[in-house]
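A.B. asks:
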Amino acid sequence: WLVDINPAQLSLYQPPPPPSFDHHHHDQNGHSASSSDSTTSLLSDSQSLLSLLDNNLSQLHSLVRKRGHTNDPTQQINSLMSKFQEAAQEMKQVCELLRLA
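Following the numbering used here, the numbering of the sequence shown begins with 324 at its first residue and continues without gaps.
Dropping the structure here:
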């Protein structure tokens, strides 16, 4: 599903500034190039976290279908849910940082 998302449709998305060779360049919002780098890093982190969350959901879907069988995956499900919740919390923090950027 992530492939179908157009970044321009995201409310936090801002097009990257044109490349600049001036290391002290400020964009139209007054942010320095290092601010742009941190925003790019946050966007990269959010993409990685979304990929992790999507992967966890796929694994959970598969494990839940096996619930109640002889090799009940309840412990695996609980472990995966903990990882999912951690990643979701990190995603929330990244979104809050992006909102401030």
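Here a beta-carbon is modelled for each residue, glycine too, at the ideal position from N, C-alpha and C.
Is Ser385 buried or exposed, if buried means 16 or more other CB atoms sit within 10 Å of its CB?
C.D. replies: The residue labelled residue 385 in the question sits at position 62 within the sequence shown. It is exposed - the Cβ of Ser385 has fewer than 16 other Cβ atoms within 10 Å.
A.B. asks: What would DSSP say about Ala411, mapped onto helix, strand or coil?
C.D. replies: Numbered from its first residue, the sequence shown carries residue 411 at position 88. DSSP places Ala411 in helix when its eight states are reduced to three.
A.B. asks: Roughly how many angstroms lie between the CA atoms of Lys389 and Leu373, to the nearest whole one?
C.D. replies: Stepping through the sequence shown from its first residue, residue 389 is reached at position 66. Stepping through the sequence shown from its first residue, residue 373 is reached at position 50. Those two C-alpha atoms are separated by around 25 Å.
A.B. asks: Output needed for Glu413: all residues of its chain with C-beta closer than 7 Å, excluding positions within five of it in sequence on either side, in chain order.
C.D. replies: Here residue 413 is taken as the residue at index 90 of the sequence shown, counted from 1. Closer than 7 Å at Cβ, skipping near neighbours: Leu372.
A.B. asks: So does the stretch 359-368 actually touch the stretch 401-409, counting three or more Cβ pairs closer than 8 Å?
C.D. replies: Because the criterion of three Cβ pairs below 8 Å is not met, the stretch 359-368 and the stretch 401-409 do not touch.
A.B. asks: Do Leu375 and Ala424 have their C-beta atoms closer together than 8 Å?
C.D. replies: In the sequence shown, residue 375 corresponds to position 52, counting from 1. In the sequence shown, residue 424 corresponds to position 101, counting from 1. Not closer than 8 Å, so no.
A.B. asks: How big is the Cα-Cα spacing for Gln399 and Asp377?
C.D. replies: By one-based count along the sequence shown, residue 399 stands at place 76. By one-based count along the sequence shown, residue 377 stands at place 54. Cα-Cα distance, rounded: 17 Å.
A.B. asks: Have a look at Gln370, Asp360, Ser361 and Gln382 and flag the residue whose alpha-carbon is nearest the alpha-carbon of Phe407.
C.D. replies: Taking the sequence shown and counting its residues from 1, the one referred to as residue 407 is at position 84. Taking only the C-alpha atoms, the option nearest Phe407 is Gln382.
A.B. asks: Helix, strand or coil for Arg390, going by three-state DSSP, please let me know.
C.D. replies: Your numbering for residue 390 matches position 67 in the sequence shown. Coil.
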